[in-house]
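Visitor: Mind having a look at this structure? Questions to follow.
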Amino acid sequence: MRTAGARTGTRESPGRLGPIWTFLFRYGPPRWTEYVLNNWSGQRLVIAIPYAWLLLFFLVPFLIVLKISFAEFSPLGRPPYEPVFQWLDEGALQIKLLVGSYVYLFNEPLYVSAWIYSVKVAFFSTIFCLALGYPMAYAIARAPPTQRNIFLMLIILPFWTSFLLRVYAWIGLLKTDGVINNVLQYFGIIDAPLAMMNTSFAVYIGIVYSYLPFMILPLYSNLEKHDLTLLEAANDLGAGPVRSFMRVTLPLSMPGVVAGSLLVFIPAVGEYVIPSLLGRTDQLMVAKLLSDEFFLNRDWPRASAVAIAMLLLLVVPIMLFQHFQNKELQAAKR
Amino acid sequence: MKTQGLFSKTMLGLGFVFLYVPILSMVFFSFNNSRLVTVWDAANSPTLKWYGRLFSDGAILSAAWLSIQVAAMTATGAVILGTLAGLVLSRFGPFKGRALLQGLTTAPLVMPEVITGLSMLLLFVSLEQLLQFMFGWQFDRGVATITIAHITFTMAYVTVVVQSRLASFDDSLEEAALDLGARPAKVFFRITVPLILPAILSGWLLAFTLSWDDLVVTQFVSGPGSNTLPMVIFSRVRLGVSPVVNALATIMVLIVALGVVLSAFLMRRQEQRRKREEQMAAAG
Numbered sequence: 001m002r003t004a005g006a007r008t009g010t011r012e013s014p015g016r017l018g019p020i021w022t023f024l025f026r027y028g029p030p031r032w033t034e035y036v037l038n039n040w041s042g043q044r045l046v047i048a049i050p051y052a053w054l055l056l057f058f059l060v061p062f063l064i065v066l067k068i069s070f071a072e073f074s075p076l077g078r079p080p081y082e083p084v085f086q087w088l089d090e091g092a093l094q095i096k097l098l099v100g101s102y103v104y105l106f107n108e109p110l111y112v113s114a115w116i117y118s119v120k121v122a123f124f125s126t127i128f129c130l131a132l133g134y135p136m137a138y139a140i141a142r143a144p145p146t147q148r149n150i151f152l153m154l155i156i157l158p159f160w161t162s163f164l165l166r167v168y169a170w171i172g173l174l175k176t177d178g179v180i181n182n183v184l185q186y187f188g189i190i191d192a193p194l195a196m197m198n199t200s201f202a203v204y205i206g207i208v209y210s211y212l213p214f215m216i217l218p219l220y221s222n223l224e225k226h227d228l229t230l231l232e233a234a235n236d237l238g239a240g241p242v243r244s245f246m247r248v249t250l251p252l253s254m255p256g257v258v259a260g261s262l263l264v265f266i267p268a269v270g271e272y273v274i275p276s277l278l279g280r281t282d283q284l285m286v287a288k289l290l291s292d293e294f295f296l297n298r299d300w301p302r303a304s305a306v307a308i309a310m311l312l313l314l315v316v317p318i319m320l321f322q323h324f325q326n327k328e329l330q331a332a333k334r
Numbered sequence: 335m336k337t338q339g340l341f342s343k344t345m346l347g348l349g350f351v352f353l354y355v356p357i358l359s360m361v362f363f364s365f366n367n368s369r370l371v372t373v374w375d376a377a378n379s380p381t382l383k384w385y386g387r388l389f390s391d392g393a394i395l396s397a398a399w400l401s402i403q404v405a406a407m408t409a410t411g412a413v414i415l416g417t418l419a420g421l422v423l424s425r426f427g428p429f430k431g432r433a434l435l436q437g438l439t440t441a442p443l444v445m446p447e448v449i450t451g452l453s454m455l456l457l458f459v460s461l462e463q464l465l466q467f468m469f470g471w472q473f474d475r476g477v478a479t480i481t482i483a484h485i486t487f488t489m490a491y492v493t494v495v496v497q498s499r500l501a502s503f504d505d506s507l508e509e510a511a512l513d514l515g516a517r518p519a520k521v522f523f524r525i526t527v528p529l530i531l532p533a534i535l536s537g538w539l540l541a542f543t544l545s546w547d548d549l550v551v552t553q554f555v556s557g558p559g560s561n562t563l564p565m566v567i568f569s570r571v572r573l574g575v576s577p578v579v580n581a582l583a584t585i586m587v588l589i590v591a592l593g594v595v596l597s598a599f600l601m602r603r604q605e606q607r608r609k610r611e612e613q614m615a616a617a618g
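Residue numbers (the numbering used here), protein chains in the order written: chain A, 1 to 334; chain B, 335 to 618.
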């Protein structure tokens, strides 16, 4: 701010918006007007607009969720919870923080198994995405430049088509009388149709399928920047292809691996659509529990507690992602 | 080196098969006459029956129109806010609260949708109560709340795109314009915006697509009667596979494919022209 202000010479003057402010605040409290005129230039306003939006519509909602997660559930109230802060008749402020919803989350077997299942599914999906995405990104990065753009376009194209419809497409493939079973039976590979719908297998397929571009793109942008002379040097020094890959390419590509993995893992933990369409009906994932608590049981405090717990679980991966994102942007600057 | 290349190329091929077989099967079976989506009725296929059904399906058509409106408003709002945020983060130097703004803009990229949806809904409920209590206003959840929620999570994508575009060239052009006496606002509209126009355009399209496609957040914040296309599709699909949805998917895939090819073509032409101009400027 300070440097920018000095550059544009708006440090003292109120900037272009001065007249508007004068008009708007002419009849306001005099101190206010003075403060605003002295301190608010056009640049401050530019900072303030996105800032205010994100504070109001992103940060404040989380504080509300946090507050409601400590409230008491009352099925007849509207909204269905008792207020946390309450002014009593004597004029005292009563604050009731109940941790009942949280205690429930970690004791109810249904919840505990949903947590474990969600993390497990997200973890293995990330591994599968990496196992498929890394070689693909590698092949694209080492392809001739003219082919590279076509390959990249082919990776991105499914991402632009509807996510919901791409998950839906798998129902047609995986069903008992679906395409895969029909083809396998036609060629006599199997006698009876395989049960693939509503299994964990279907969820893995769905998640890997939907999130694969998120794994490939950061990996590609990392692998593409590698200095190939390093590999030549390793080769000259007698390292075989496996060894030079393990010792040179893989360590260099770690930032891409981490960024891609986080981009898959974090949303996969909270995935809702894929498990509801393809997944098991006897084993829920956390996101489904949250929405059931909210829409079916109308238990807002418990749904909020699930959201807060999920956020706490993901706060370390999210911070890591932000750290890498910032480093990437810093590196692009230089 | 050879075996490594062969392995990764094979994986690339398999990966593309994996990515495209579901989409192609959807397209293929949209021309199937049978109601059973996955059994090919060779006698009466291919047919355009399901496309006819699609265009006489009032629920889908009105939901699609609503989704287009929401997505267009979302994309426009997200581009304005996201461009401002990207500009602030990459050009305004260090200021108080910059780290928080950076965090607030990147967090929605990875936030699970159920959390965003729940928190937005609880905000709107609280706002409803507050406005009712203070001014006696009443507002219903619907298009406005859906649009606000969509802008909030899509502007993060626009910010990232704009920020990385701004980071790819330094501010010497802007500095020069300022030195020549142009006002900051003029510099922004005459120098910065034309330079980042590709990023703004792709940010708009990205925000449009994300909004058009969103189910989870929309389910939370929409009100009675405001059903977007993904909500209608989801409720149909839960009941089983429907050939009408296949027809709809085919049309959407076609539009996206055309759009992507066209934009790639335009981008390449523009890039070539820019390079030529740069060379001419350097030579002259």
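The C-beta atom is built at its ideal place from N, Cα and C for all residues, glycine as well.
Does B:Ala-533 pass the burial test, meaning 16 or more other C-beta atoms within 10 Å, or should it be called exposed?
Guide: To locate residue 533 of chain B, count along the second sequence from 1; it is residue 199. Buried, by the Cβ-count rule.
Visitor: Distance check for A:Ile-274 and A:Val-60, CA to CA, integer angstroms please.
Guide: Reading the first sequence from its first residue, position 60 is the one you call residue 60 of chain A. Reading the first sequence from its first residue, position 274 is the one you call residue 274 of chain A. Rounded to whole angstroms, A:Val-60 to A:Ile-274 spans 29 Å at the Cα level.
Visitor: Counting only Cβ pairs nearer than 7 Å, list the residues of chain C close to A:Val-112.
Guide: Among the protein chains of the structure shown, namely A and B, there is no chain C.
Visitor: With DSSP collapsed to three states, give me the class of A:Ile-190.
Guide: As a first step, residue 190 of chain A is located in the first sequence; it is residue number 190 there, counting from the start. Coil.
Visitor: How do the segment 583-595 of chain B and the segment 357-366 of chain B stand: do at least 3 beta-carbon pairs fall below 8 Å, yes or no?
Guide: yes
Visitor: Closest to B:Met-454 by C-alpha separation, out of A:Pro-255, A:Ala-307, A:Val-315, A:Val-316, would be which residue?
Guide: Here residue 454 of chain B refers to the residue found at position 120 when the second sequence is read from its first residue. The option with the nearest alpha carbon to B:Met-454 is A:Ala-307.
Visitor: Since A:Arg-243 and B:Pro-356 are thought to touch, with beta carbons under 8 Å apart, how far apart are those beta carbons, to the nearest angstrom?
Guide: Position 243 of the first sequence, counted from the start, is the residue given in the question as residue 243 of chain A. Position 22 of the second sequence, counted from the start, is the residue given in the question as residue 356 of chain B. Going by Cβ atoms, the distance from A:Arg-243 to B:Pro-356 rounds to 38 Å, so no, they are not a contact pair.
Visitor: What is the residue span of the alpha helix (DSSP H) that B:Ala-533 lies within?
Guide: Within the second sequence, the letter at position 199 stands for residue 533 of chain B. Counting along the chain, the alpha helix (DSSP H) containing B:Ala-533 begins and ends at 527-547.
Visitor: State whether the segment 490-507 of chain B contacts the segment 411-425 of chain B, with contact taken as three or more CB pairs (one from each stretch) at a distance under 8 Å.
Guide: At 8 Å Cβ cutoff, the stretches touch.
Visitor: Expressed to the nearest angstrom, what Euclidean distance is found between the alpha-carbon atoms of A:Ile-266 and A:Ala-141?
Guide: The residue you call residue 266 of chain A lines up with position 266 of the first sequence. The residue you call residue 141 of chain A lines up with position 141 of the first sequence. Approximately 26 Å between the Cα atoms of the pair.
Visitor: Take A:Val-257 and list the residues in its own chain whose beta-carbon comes closer than 6 Å to its own, dropping the five residues that flank it on each side.
Guide: Numbered from its first residue, the first sequence carries residue 257 of chain A at position 257. None.
Visitor: For A:Phe-73, list the residues DSSP reports as bridge partners.
Guide: Here the question's residue 73 of chain A lines up with position 73 in the first sequence. Its beta-bridge partners are A:Tyr-81.
Visitor: Against A:Gln-322, what residues of chain B qualify as contacts under a CB-to-CB distance less than 8 Å, listed in chain order?
Guide: By 1-based counting over the first sequence, the position of residue 322 of chain A is 322. Result: Gln-436, Gly-437, Thr-440, Ala-441.
Visitor: Rounded to whole angstroms, what is the Cα-Cα separation between B:Val-578 and B:Ile-530?
Guide: Taking the first residue of the second sequence as position 1, residue 578 of chain B is located at position 244. Taking the first residue of the second sequence as position 1, residue 530 of chain B is located at position 196. Cα to Cα, B:Val-578 sits roughly 40 Å from B:Ile-530.
Visitor: Let me know the secondary structure DSSP gives A:Ser-244 once reduced to three states.
Guide: Translated into positions along the first sequence, residue 244 of chain A becomes position 244. Three-state DSSP puts A:Ser-244 in a helix.
Visitor: Label A:Pro-50 either buried or exposed according to how many other C-beta atoms from any shown protein chain fall within 10 Å of its C-beta, with 16 as the threshold for buried.
Guide: The residue you call residue 50 of chain A lines up with position 50 of the first sequence. It counts as buried.
Visitor: Determine the closest residue to B:Met-407 out of B:Phe-542, B:Phe-458, B:Gly-537, with distance taken between C-alpha atoms.
Guide: Residue mapping note: residue 407 of chain B aligns to position 73 of the second sequence, counting from 1. Nearest C-alpha to B:Met-407: B:Phe-542.
Visitor: Mind the definition here: the segment 166-176 of chain A touches the segment 204-220 of chain A only if three or more C-beta pairs lie below 8 Å; say whether that holds.
Guide: yes
Visitor: Quick check on this structure: which residue in A:Lys-67, A:Leu-56, A:Trp-170 has the alpha carbon closest to the alpha carbon of B:Leu-353?
Guide: Working through the second sequence from its first residue, we reach residue 353 of chain B at position 19. Answer by Cα proximity: A:Trp-170.
Visitor: Would the segment 322-330 of chain A count as touching the segment 116-132 of chain A if we require 3 or more Cβ pairs under 8 Å?
Guide: no
Visitor: Touch check for the segment 232-242 of chain A and the segment 400-416 of chain B: three-plus C-beta pairs under 8 Å?
Guide: no
Visitor: Please identify the residue among B:Ala-615, B:Glu-508, B:Leu-400 whose C-alpha is closest to the C-alpha of B:Pro-528.
Guide: The count along the second sequence starts at 1 and reaches residue 528 of chain B at position 194. Selected option, being the one with the closest Cα: B:Glu-508.
Visitor: What residue range is occupied by the uninterrupted alpha helix (DSSP H) comprising A:Met-153?
Guide: Taking the first residue of the first sequence as position 1, residue 153 of chain A is located at position 153. 145-160 is the span of the alpha helix (DSSP H), which, as asked, contains A:Met-153.
Visitor: Does the Cβ of A:Glu-271 have 16 or more other Cβ atoms within 10 Å, making it buried, or fewer, making it exposed?
Guide: The residue you call residue 271 of chain A lines up with position 271 of the first sequence. Buried, because 16 or more other Cβ atoms sit within 10 Å of the Cβ of A:Glu-271.
Visitor: In whole angstroms, give me the CA-to-CA distance for A:Thr-10 and A:His-323.
Guide: Stepping through the first sequence from its first residue, residue 10 of chain A is reached at position 10. Stepping through the first sequence from its first residue, residue 323 of chain A is reached at position 323. Since pLDDT at A:Thr-10 reaches only 39, below the 50 mark, its modelled position is unreliable, and the value read off the structure follows with that caveat. Using only the alpha carbons, I get a separation of about 33 Å.
Visitor: List the endpoints of the continuous alpha helix (DSSP H) containing A:Glu-271.
Guide: Here residue 271 of chain A refers to the residue found at position 271 of the first sequence. Neither: A:Glu-271 is in no alpha helix (DSSP H) and is coded neither H nor E.
Visitor: At least one CB of chain B closer than 9 Å to the CB of A:Asn-326: is that the case?
Guide: Numbered from 1 along the first sequence, position 326 holds the residue referred to as residue 326 of chain A. Contact with chain B is found for A:Asn-326, since one of that chain's Cβ atoms lies less than 9 Å from the residue's Cβ.
Visitor: At what residue ranges does the segment 360-439 of chain B contain a whole run of the beta strand (DSSP E), taking only runs of 3 or more?
Guide: none
Visitor: Rank A:Ile-189, A:Phe-321, A:Leu-289, A:Arg-44 by C-alpha distance to the C-alpha of A:Ala-309 and give the top, closest one.
Guide: Translated into the one-based positions of the first sequence, residue 309 of chain A becomes position 309. The candidate whose alpha carbon is nearest that of A:Ala-309 is A:Leu-289.
Visitor: Just the Cα atoms here: how many angstroms apart are A:Tyr-102 and A:Tyr-111?
Guide: For the purposes of this step, residue 102 of chain A is identified with residue 102 of the first sequence, where counting begins at 1. For the purposes of this step, residue 111 of chain A is identified with residue 111 of the first sequence, where counting begins at 1. Each residue's alpha carbon lies about 11 Å from the other.
Visitor: Quick one: is B:Glu-447 buried, meaning 16 or more other Cβ sit within 10 Å of its Cβ, or exposed?
Guide: Along the second sequence, one-based indexing puts residue 447 of chain B at 113. Burial of B:Glu-447 is indicated by the presence of at least 16 other C-beta atoms within 10 angstroms of its C-beta.
Visitor: Specify, as a first and last residue, the run of the alpha helix (DSSP H) that A:Asp-236 falls within.
Guide: Counting from 1 along the first sequence, the entry for residue 236 of chain A is found at position 236. That run of the alpha helix (DSSP H) goes 228-236.
Visitor: For B:Ala-490, report the span of its alpha helix (DSSP H) as first-last.
Guide: Counting from 1 along the second sequence, the entry for residue 490 of chain B is found at position 156. 477-501 is the extent of the alpha helix (DSSP H) around B:Ala-490.
Visitor: Could you say if the segment 145-156 of chain A and the segment 189-203 of chain A meet the contact criterion of at least three C-beta pairs nearer than 8 Å?
Guide: no
Visitor: Applying the 10 Å Cβ sphere with the 16-neighbour rule, what's the burial state of A:Trp-53?
Guide: Position 53 of the first sequence, counting from 1, holds the residue named residue 53 of chain A. With 16 or more Cβ atoms within 10 Å of its Cβ, A:Trp-53 is classed as buried.
Visitor: Between B:Ser-401 and B:Ser-545, is the Cβ-Cβ spacing less than 9 Å?
Guide: Looking up residue 401 of chain B in the second sequence gives position 67. Looking up residue 545 of chain B in the second sequence gives position 211. Yes, these two residues count as a Cβ contact at 9 Å.
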